[in-house]
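Undergrad: Under the numbering used here, the first residue of the sequence shown is numbered 294, with each subsequent residue one higher.
Heads up, the beta-carbon is just placed ideally off N, CA and C, and yes, glycines get one too.
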Amino acid sequence: MNASSFDHILKKVVIVPVIALLAGAAILVWQIRESTKTVNVIETCDRRIALTLTIEKLVLDQETGLRGYEITHDPRLLQRYFDAQAELPGAFDRREALVRIAPRRSELTGIRNAYETWQQAFARPLIATIQAGGSTNDVNLNLRGKLMMDDFRERIANLNQVTEKFRDDSVTRWHRQILNMMVALLGAALLLGLVLGFYTRRLIQQVSTAFRQSHDALRFRAEQTFRSEEKLRTTLRSIGDGVITCDTEGRVLTLNDTAQELTGWTEREAREQPLAEVFPIFDEQTGQPRADPVARIVRSNQLLRPENHTLLRRRDGCELFIEESGAPIRDKQGQPDGVVIVFRDVTMARKSQQALLANEKLAVAGRLAASIAHEIHNPLDSVSNLLFLMDGVADDGERDHFLALAKQEIARVTQISRAMLSLYRESRAPVLIDLREMIESILLLMDSRFNTLRVHISHDIPNDLCVRGFPAELRQVFTNLLTNAAEATGPDGTIHIAGRFVTAGPDDDGARREQGAMITIEDNGPGIPENILHQLFQPFFTTKGERGTGLGLWISRGIITKHGGTIELTSSTGEADHGTTVSVLLAVDPVIDVAAA
Ligand code: ADP
Ligand code: MG
294 MNASSFDHIL KKVVIVPVIA LLAGAAILVW QIRESTKTVN VIETCDRRIA LTLTIEKLVL
354 DQETGLRGYE ITHDPRLLQR YFDAQAELPG AFDRREALVR IAPRRSELTG IRNAYETWQQ
414 AFARPLIATI QAGGSTNDVN LNLRGKLMMD DFRERIANLN QVTEKFRDDS VTRWHRQILN
474 MMVALLGAAL LLGLVLGFYT RRLIQQVSTA FRQSHDALRF RAEQTFRSEE KLRTTLRSIG
534 DGVITCDTEG RVLTLNDTAQ ELTGWTEREA REQPLAEVFP IFDEQTGQPR ADPVARIVRS
594 NQLLRPENHT LLRRRDGCEL FIEESGAPIR DKQGQPDGVV IVFRDVTMAR KSQQALLANE
654 KLAVAGRLAA SIAHEIHNPL DSVSNLLFLM DGVADDGERD HFLALAKQEI ARVTQISRAM
714 LSLYRESRAP VLIDLREMIE SILLLMDSRF NTLRVHISHD IPNDLCVRGF PAELRQVFTN
774 LLTNAAEATG PDGTIHIAGR FVTAGPDDDG ARREQGAMIT IEDNGPGIPE NILHQLFQPF
834 FTTKGERGTG LGLWISRGII TKHGGTIELT SSTGEADHGT TVSVLLAVDP VIDVAAA
C-alpha cells in the first residue's frame, strides 16, 4: 500500500462517520420540527379555549348585571353589563382570528349571532323597558331571554368540546411523535454504531495490514542495508589501501585496517580527532606540512588528484612515502557531507623504482662498455703499431709524423673516456647543455655499435640549441632512443637526428605546444604495429625478448617529464613508407623537480 491509498483510507475513516452523523442529525431535526408543530397546535387550542371561556364569562357578566338591574332597577348594576359589552367585540375578533377551518368559523359566527340575538331581542328591550319605568314581569320575555342564553351557552360548550377534543388528539399525537423520535433516535444510534463499527473495522484492518506490510518492507530494507554495509565494511577492511573517512570539519570517523597500520592509530583512538593529528603529511622536498586536504575537497566538492611526494609521519615517528588522493562524500543534494582519504605506502615501490633506474643505467653502461672497449681498442692498437714503427725508424721527420698520429689516437681515447665519464658524473643542479655537443658525444661512443649494425646515421642540429638540465640523464634518454632506432632498422637502415627551436603555438595536430628545443629521431625501421603503441611507455614492455628490458622508454619519459618536456612517438608500418619518429620537446629553462624520476 502506498502513501496515497493510505491517505485515502484515513479520509474515509473520517468522512464516512461525519456523513452518517449528519444524516442522523437531519432525521432528528425533522422529527423535532414535526413535534414542535404539534406543540404549536396544542398551544393554539389552549388559546382558543381560553378565549372562548373569556367570551362566555363576559356574556355571563352581562347577564348577571342585567339580572341585578332588573331586580333592583339600580343603574349602577348595569356597569358590569356595559363593561363586558365593550370588551366582547374585541374578544370575538381575537377568537375569530384563531380559526382556520370553515365549519369552526361558521360555528363561531353562530355563537356571535346568538349573542347578538340575545342582546337585540332581550337585553336591550329589557333595559329600555326598565328605564321607561315599565314592568319587567313579562314571563314570556324572560323565558325567551333564558332560551336565547341557553342556546348561546350550548354553542359555546359545543365549540369548546370540539376544540378540546382536537387538543386532546394533538396531545396524543405529540406523545406518539416523542415516542417515535426516541425510537428513531435509538434505532439510528444503533444503526450508526453498527455501520461505523463494521465499516471502520474493515478500514482499520486495511490500515493495519498496510502498516504490517510496510513494517516488513522496512525491516527487509534495513536488513539489506545492514548486509550491504557489512559487505562494504569487510571490503574496506580487506583492501590494501589505507582509507580514512572524516566529517566536513575534518574530524576522523573511520579508519580501515591498513590506515590503522600505516598511521599507527587505532580506529577507537582516532575517532573524533582532527585529521592533521592522525594523518600528518608533509611535502617530501620542502618538509612543509601539506595543506588540509579536507578543506580543499569540501571547498571544491571535487576529487583531489593523487599526490606524489608526500611523507606520512607515523605515530611512532617513522616516515613513509605515500601516494594519497581524496574524494567528497556527497549527500542527496550533491553537497559534501564528508570526505574520504585514500592512501598507499609507496616506500617499497619508490625504492624498487630507484633500483630499476640504477639497473637500467648499468645496462646502458654495460652495452656501451663493449662498444667503448672496441672504440678504445682501435686507437690503442694504432698507438702500439705507431710506437713499434717509431722504434725502428731513424728518420726524425717520419718519427714526428708517427708521434703526431699517436697523439691523435690518444686524444681520441681521452675523448671517449671523457664521454664515458660524463655519463656517470652527475651535476647536482641543472646546467646549460648544448644539445648538438651532447648528441655528437653520444654518437662518438656508439660509433662502433652503429658500425657493427651497419646503420647509417646523420644529424642536423644547430649550434646554439641549448637547454638547462641534467646532462647524464638526457644522455641516457638519447642513448636509449638511438639504440631503439638502430635496433629497429637493422643492417643498412638510416637514422636521421634533427634539432630545432620551436615557438609556442598550435602544433600540426592543432594541440597546444610550448616553446623549447625539439629533437626528432627518425628511422626507417619496420615501424610499430598499432595494437602495441599504447603499451610502449609501460615498464617491462619489450618486443625484444631476452635482449630487451622494456625500461628504456618508460625511464626516458620519466626523465623528460622531470625536465618539463614531452616525448611523442609516431610510427608507420606501410609497405613503402615505414619507420618511427620520436619527438622530444625540452623546455629551454625548465623548473626541474629535483626529486622526481
Ligand atoms: P627495450 O628496448 O628494452 O625493448 P624500450 O622501452 O626501449 O625497451 O622499448 C620498448 C619497445 O618499443 C621495444 O621493444 C620496441 O618494440 C618498441 N620500440 C621502441 N622504439 C622503437 C623504434 N624506433 N622502432 C620500432 N620499435 C620501437
Ligand atoms: Mg630500448
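Could you name the residues that DSSP lists as bridge partners for Met-811?
TA: Answer by DSSP bridge pairing, in chain order: Arg-793 and Leu-878.
Undergrad: Please state the DSSP three-state secondary structure of Glu-349.
TA: Correct three-state label for Glu-349: helix.
Undergrad: Quick check for students: name the residue ranges of the alpha helix (DSSP H) that lie wholly in the segment 444–504, counting only runs of 4 or more.
TA: As far as the segment 444–504 is concerned, it has no whole alpha helix (DSSP H) run of at least 4 residues.
Undergrad: For Leu-418, report the span of its beta strand (DSSP E) as first-last.
TA: One detail in the question is off: residue 418 reads as Pro in this sequence, not Leu. Premise fails: Pro-418 lies in the alpha helix (DSSP H), 417–424, not in any beta strand (DSSP E).
Undergrad: Compute the Euclidean distance between the alpha carbons of Leu-679 and Ala-699, then round it to the nearest angstrom.
TA: The straight-line gap from Cα to Cα measures roughly 6 Å.
Undergrad: Residues around ligand 2, please: the condition is that the C-beta lies closer than 5 Å to some non-hydrogen atom of it.
TA: Output, sorted by chain position: Asn-777 and Gly-845.
Undergrad: With a threshold of 7 Å, establish whether the CB of Thr-835 neighbours any heavy atom of ligand 1.
TA: Thr-835: yes, Cβ under 7 Å from ligand 1.
Undergrad: Assuming Gly-533 is part of the beta strand (DSSP E), what are its boundary residues?
TA: Neither: Gly-533 is in no beta strand (DSSP E) and is coded neither H nor E.
Undergrad: Nearest-angstrom Cα distance between Ala-890 and Pro-567?
TA: Low local confidence applies: a pLDDT of 40 at Ala-890 is under 50, so the model's placement there is unreliable, with the coordinate-based value given in what follows. Near 33 Å, if we compare the C-alpha coordinates of Pro-567 and Ala-890.
Undergrad: Under the DSSP definition of a beta bridge, which residues are partnered with Ile-726?
TA: Its beta-bridge partners are Val-760.
Undergrad: In terms of residues, what are the limits of the beta strand (DSSP E) holding Gly-619?
TA: Residues 612–623.
Undergrad: Report all residues from its chain with a CB closer than 7 Å to the CB of Pro-586; omit the five preceding and five following residues, and keep chain order.
TA: Around Pro-586: Leu-597, Gly-619 and Ile-634.
Undergrad: Find the nearest neighbour of Arg-606 within the set Arg-592, Pro-599, Asp-576 and Asn-594, judged by alpha-carbon distance.
TA: When only C-alpha atoms are compared, the closest one is Asp-576.
Undergrad: Looking only at its own chain, which residues have a Cβ that is under 7 Å from the Cβ of Trp-558, when we skip the five neighbours before and after it?
TA: Excluding residues within five positions, the ones whose Cβ falls inside 7 Å are Leu-548, Val-571 and Arg-608.
Undergrad: Give me the Cα-Cα distance between Lys-304 and Arg-494, rounded to the nearest whole angstrom.
TA: Taking the straight line from one Cα to the other gives about 14 Å.
Undergrad: Report the CB separation of Asn-451 from Thr-345 in whole angstroms; it is logged as a contact under 8 Å.
TA: About 10 Å separates the two Cβ atoms, so there is no contact after all.
Undergrad: Can you look up Val-307 in the DSSP assignment and give me helix, strand or coil?
TA: DSSP places Val-307 in helix when its eight states are reduced to three.
Undergrad: With respect to the alpha helix (DSSP H) encompassing Arg-589, which residues constitute its N-terminal and C-terminal limits?
TA: Residues 586–593.
Undergrad: Any chance the segment 776–784 sits against the segment 753–763, with 3 or more Cβ pairs inside 8 Å?
TA: Too few Cβ pairs lie closer than 8 Å, so no.
Undergrad: Report all residues from its chain with a CB closer than 6 Å to the CB of Gly-438; omit the five preceding and five following residues, and keep chain order.
TA: Cβ neighbours of Gly-438 beyond the five flanking positions: Phe-415.
Undergrad: With three or more C-beta pairs closer than 8 Å as the rule, is the segment 837–852 touching the segment 809–827?
TA: Taking 8 Å as the limit for Cβ pairs, the verdict is that the segment 837–852 does not touch the segment 809–827.
Undergrad: Roughly how many angstroms separate the alpha carbons of Leu-321 and Leu-351, rounded to a whole number?
TA: Approximately 45 Å between the Cα atoms of the pair.
Undergrad: If we call anything under 8 Å between Cβ atoms a contact, is Glu-702 one with Ser-734?
TA: Contact: no.
Undergrad: Hey, how far is the Cα of Pro-621 from the Cα of Glu-522?
TA: The straight-line gap from Cα to Cα measures roughly 19 Å.
Undergrad: My output table needs one value for Asn-956: the three-state DSSP class, helix, strand or coil.
TA: Residue coverage of the chain in this structure runs from 294 to 890, which leaves residue 956 outside it and unanswerable.
Undergrad: Please name the residue, chosen from Leu-419, Ala-425 and Phe-771, that lies closest to Val-432 on a Cα-to-Cα basis.
TA: Nearest of Leu-419, Ala-425 and Phe-771 to Val-432, Cα basis: Leu-419.
Undergrad: Starting from Ser-849 and walking both ways along the alpha helix (DSSP H), at which residues does that stretch end?
TA: Taken as a continuous stretch (DSSP letters only), the alpha helix (DSSP H) holding Ser-849 covers 845–855.
Undergrad: What does the Cβ neighbour count give for His-856, buried or exposed, with the cut at 16 atoms within 10 Å?
TA: Buried.
Undergrad: Measuring straight from C-alpha to C-alpha, what distance separates Trp-467 and Gly-490?
TA: Near 33 Å, if we compare the C-alpha coordinates of Gly-490 and Trp-467.
Undergrad: I need the boundaries of the beta strand (DSSP E) containing Glu-562, first residue and last residue.
TA: Here Glu-562 belongs to no beta strand (DSSP E); instead the alpha helix (DSSP H) covers 560–563.
Undergrad: Compute the Euclidean distance between the alpha carbons of Ser-864 and Leu-758, then round it to the nearest angstrom.
TA: Taking the straight line from one Cα to the other gives about 26 Å.
Undergrad: Got a sec, what are the start and stop residues for the beta strand (DSSP E) Pro-629 sits in?
TA: Looking at the DSSP string, the run of the beta strand (DSSP E) that includes Pro-629 is 629–638.
Undergrad: Please return the same chain residues whose Cβ sits closer than 6 Å to the Cβ of Val-500, not counting the five positions on each side in sequence.
TA: Once the five neighbours on either side are set aside, the close Cβ partners of Val-500 are Ile-302.
Undergrad: So, helix, strand or coil for Asp-785, using DSSP?
TA: The answer is coil: DSSP assigns Asp-785 none of H, G, I, E or B.
Undergrad: At a cut-off of 7 Å, would you count Thr-863 as near ligand 1, judging by its Cβ distance to the nearest heavy atom?
TA: Checking the Cβ of Thr-863 against ligand 1 gives no.
Undergrad: Helix, strand or coil: how does DSSP classify Gly-872 here?
TA: In the structure shown, Gly-872 sits in a strand (DSSP, three-state: E or B).
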